[in-house]
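In the numbering used here, the protein residues as written are 365 to 914.
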């Protein structure tokens, strides 16, 4: 096909220029996927499960309370049930148990009669907990995607990040690893293809929701997963989409990022660990409707608590804090269920790695962090693992427990690590970021918008293109119902573009107002989309940065 020159520039900046690579990237049916048996311990893991099914051993899936963990759990439950396994699941409480395996939960699982624990989206750092499980007679199979530390559990581990694992793609989500195990099981047990493909909707939700890079095999899984999601017959998922106002058949990756995944996460964040997994596995329409309503209520509560905490954090952050290249906000009391989201919002606002540490009593605090591209939060914190009681995560996010007396040492370690790294890709708050392409008004045609949609699914490492346009501002104001947001109208060589700013209204309101009053051109950088409203099309610009022309 003849590509728009702006689209060619965007692809080239993302390292996609060879004809075959472009064709694969834009294909409706991408083929980039790998043999599941290339994963270390996959053969042994499949043998363990096949034997358990044949002998009637009881299997417990041990998951996690976020979207990745919930979808991983639901996927494995569905596939193992289709195999005839005697299977149950366990989702730990974020508040009472925390992330990952814990010995009390393992004791409960053993008391309930389980013979085997299969972890999904957790377990790679649970050395003591796996040992405890084995001591009381449980076999353990870990499936996970989190970064591996020096010491690993002495059990079967399916995780592409193991140093001696030769799987060619290292960035699967937890649900991606679970899917590869399911793929290997379906091949071995000669199950119908539909058993696997019907779960691709869950793979899309978990992969996008966990913000892993949407490249390589993940792009393939999410492309097919979005197709499955738009055709899904999963009763619980259909009820959730109806309840939150999504129309099946029109769902894109951003709907997962900003609507579906936050709702699934809200259940665990606000205290009901297994609510979302019960919904995903529910076959009764009335019960599914009730569960979907509860999840919507949980998400509404989450949003309110989150917004209040974010405002409080921003009010306490000084310019000096933001200039250090990272943020570490210490709180005496905060709702643990939303600190991770707020850390992510701080990261977006200040464009630096951001951590929130909350006191939990007895001289200890829990921490969570989110990082910018180019700085691995796991590597940054893993410089001094001895500072933590518990620690895990990956490049983009982490969670930990730390003694209060070690927090100053953590600050010093982070500052030392950033100094050593001397990362030049992290811009100071308010700086103009790089952009993918600068458009002229002649570029804004139906071909551009149609081909921009072909770049989907968007997510980490394949973000919605950052577009620069040089325009004049005709109107700017705060939104009446959401005064923390900015709205404006830009004139781009006679074409009217509606604009919004959801993040830095305080920074750019004055600049846009000055441009309007002085009638000077201003460089706008953000995401440009073609939207429909009341039967009319208009261009919508989501502002990320602005800079007055000299």
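Beta carbons are placed, not taken as given, at the ideal position from N, Cα and C, and that holds for glycine.
Since this is a predicted model, take the numbers as computed values, not measurements.
Annotated three-state conformation of residue 774 is helix, per DSSP.
Boundaries of the beta strand (DSSP E) around residue 839: 831–842. DSSP, reduced to helix, strand and coil, places residue 495 within a helical segment of the structure shown. Taking all protein chains shown into account, residue 463 has 16 or more neighbouring C-beta atoms within 10 Å of its C-beta and is therefore buried. Per DSSP, the continuous beta strand (DSSP E) segment holding residue 901 begins and ends at 900–912.
The three-state secondary structure of residue 822, taken from DSSP, is coil. The three-state reading of DSSP puts residue 692 in strand, counting E and B together.
Put simply, of 823, 884, 909, 777 the residue whose alpha carbon is nearest the alpha carbon of residue 872 is 909.
Per the coordinates, the alpha-carbon of residue 661 lies some 18 angstroms from the alpha-carbon of residue 700. The beta-carbon distance between residue 731 and residue 719, rounded to whole angstroms, is 6 angstroms. This is short enough to meet the 8 angstroms contact definition. The shortest C-alpha to C-alpha distance from residue 588 to any of 907, 393, 819, 387 is the one to 393.
Straight through space, the alpha carbons of residue 436 and residue 484 are spaced by roughly 6 angstroms.
Here DSSP, grouped into helix, strand and coil, assigns residue 483 to strand. DSSP, reduced to helix, strand and coil, places residue 889 within a strand of the structure shown. Only buried fits residue 409, as 16 or more other CB atoms lie within 10 angstroms of its CB.
In the structure shown, the three-state DSSP call for residue 799 is coil.
Where residue 507 is concerned, the enclosing beta strand (DSSP E) starts and stops at 503–507.
A Cβ-Cβ contact shorter than 7 angstroms links residue 451 with residue 423.
Inclusion of residue 663 and residue 630 in the CB contact set at 7 angstroms is warranted, their separation being smaller than that value. The beta carbons of residue 506 and residue 523 sit about 7 angstroms from each other, so the pair counts as a contact at 8 angstroms.
Around the beta-carbon of residue 430, 16 or more other beta-carbon atoms lie within 10 Å, marking it buried.
Contact between residue 578 and residue 567 is absent: CB atoms are separated by about 12 angstroms, not below the 8 angstroms threshold.
Residue 799 has its alpha-carbon roughly 11 angstroms from the corresponding atom of residue 373.
Taking each of 411, 694, 533 in turn and checking the Cα distance to residue 553, the smallest one comes out for 411. For residue 399, the closest C-alpha among the options 495, 550, 461 is that of 550.
The three-state secondary structure of residue 454, taken from DSSP, is strand. Taking one beta carbon from each stretch, the stretch 413–427 and the stretch 599–616 have fewer than 3 pairs nearer than 8 angstroms; the two do not touch.
Burial is judged here by how many other beta carbons sit within 10 angstroms of a residue's own beta carbon; residue 432 has at least 16 and is buried. Residue 513 and residue 860 have their C-alpha atoms spaced approximately 53 angstroms apart. Restricting attention to 723, 892, 735, 519, the CA atom closest to the CA of residue 807 is found in 892. Between residue 689 and residue 706, the C-beta spacing is not below 7 angstroms. The residues 720, 722, 732, in chain order, have a CB closer than 7 angstroms to that of residue 703 in the same chain once the five nearest residues on each side in sequence are set aside.
If you draw a straight line from the Cα of residue 427 to the Cα of residue 453, it is about 7 angstroms long. With contacts defined by Cβ atoms closer than 7 angstroms, residue 517 and residue 491 form a contacting pair. In its chain, beyond the 5 residues on either side, 438, 441, 442, 600 have a beta carbon closer than 8 angstroms to the beta carbon of residue 645. The distance from the Cβ of residue 875 to that of residue 912 is about 6 angstroms, consistent with a contact at the 8 angstroms cut-off.
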